[in-house]
Amino acid sequence: MELELFTLLALFGVALVAGFIDAIAGGGGLLTVPALLATGMPPALVLGTNKLQSSFGSFSATWFYARKGLLEWHIIWPAVICTFIGAALGTLAVQTIDAAILERLLPFLLMAFACYFFFSPRVSDAESSRRLAPMAFALLVGGGVGFYDGFFGPGTGSFFAIGFVALAGFGMARATAHTKLLNFTSNIASLLFFALGGKVVWSVGFCMALGQFIGARFGSKMVLKQGVKLIKPLLVTVSLLMSAKLVWSQYPELFAWLG
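Residue numbers (my numbering): 7 to 265.
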């Protein structure tokens, strides 16, 4: 699929902004998926191409956090493996299972997450006590959220972040760093199956990937500089925006009075 130069530049710009937001709070797909759909690309190609470009953003952020020593590989490796397996299974499942029920429940889950991030005293830069052992965390959060990302996707960063804060006792900066690693893992697993199915427009994906990579690098630096002062409001905002978008599309009758 060939696109005009202006369209590719516009997609690069969208990916740049999305990469910045993703590195901090997730939710960059709110920008990139509609932008790709606006080109007239079929939905299946949109999902595969979006996974390609978002993989570069999550890789850029993960690489930055790893170089800064924020990733604890001896703790997180079981979650990486479970996330990869879960995302691969989710990508296979979405091809055979109707996701309509999940689509209708998700906005309310995201609203609940936004409230948690806003009101909970555990959401801070301070560490707290761990509630799940690393292996249990890997199976529940890594495998479960990985499956969800491969199956559906919106809000994955929020799911990982709340898992690290509420169950692993991480502070927000540390939670964000490990969230990006698991995001990258699930992106790669899903991308692999989309690519095998021929559902990726490589030229468009690589153009956006450059924007994602640059944007994610700037976003990662902001996390280290600002910490919870930046992450918390962005997580709340992104969760509410995703929730509003999903409610608008899934429950149009609630907004009929506006017309």
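Using N, Cα and C, we set each Cβ at its ideal position, and we do this for glycine too. Given the structure is predicted, the values throughout are model-derived calculations rather than measurements.
What residue range is occupied by the uninterrupted alpha helix (DSSP H) comprising residue i?
i       : result
Ser-135 : Looking at the DSSP string, Ser-135 is not in any alpha helix (DSSP H), and its letter there is neither H nor E.
Phe-158 : Segment: none, Phe-158 is in no alpha helix (DSSP H) and carries neither H nor E.
Pro-84  : 79–99
Lys-205 : That residue, Lys-205, is in no alpha helix (DSSP H); it is neither H nor E in DSSP.
Leu-173 : First-last for Leu-173: undefined, no H or E at that position.
Leu-42  : 35–43
Gly-32  : Run containing Gly-32: none; DSSP gives neither H nor E here.
Ala-50  : 49–73
Do residue j and residue i have their beta-carbon atoms positioned less than 7 Å apart in this structure?
i       : j       : result
Arg-273 : Phe-70  : The chain is shown only over 7 to 265; residue 273 falls outside these bounds and no answer can be derived.
Gly-169 : Gly-92  : no
Leu-173 : Leu-145 : no
Val-20  : Leu-36  : no
Thr-182 : Val-229 : yes
Ser-60  : Ile-194 : no
Ile-220 : Leu-58  : no
Gly-225 : Phe-18  : no
Cys-213 : Leu-14  : yes
Ser-66  : Asn-189 : no
Arg-136 : Gly-161 : no
Gly-54  : Gly-163 : no
Gly-34  : Gly-96  : no
Val-206 : Phe-199 : no
Pro-140 : Pro-84  : yes
Phe-165 : Thr-185 : no
Ile-30  : Leu-240 : yes
Within 10 angstroms of its Cβ, does residue i collect 16 or more other Cβ (buried), or is it exposed?
i       : result
Phe-153 : buried
His-4   : As shown, the chain starts at 7 and ends at 265. That puts residue 4 outside it, with no answer to give.
Thr-68  : buried
Met-248 : buried
Phe-12  : exposed
Gly-75  : exposed
Phe-114 : exposed
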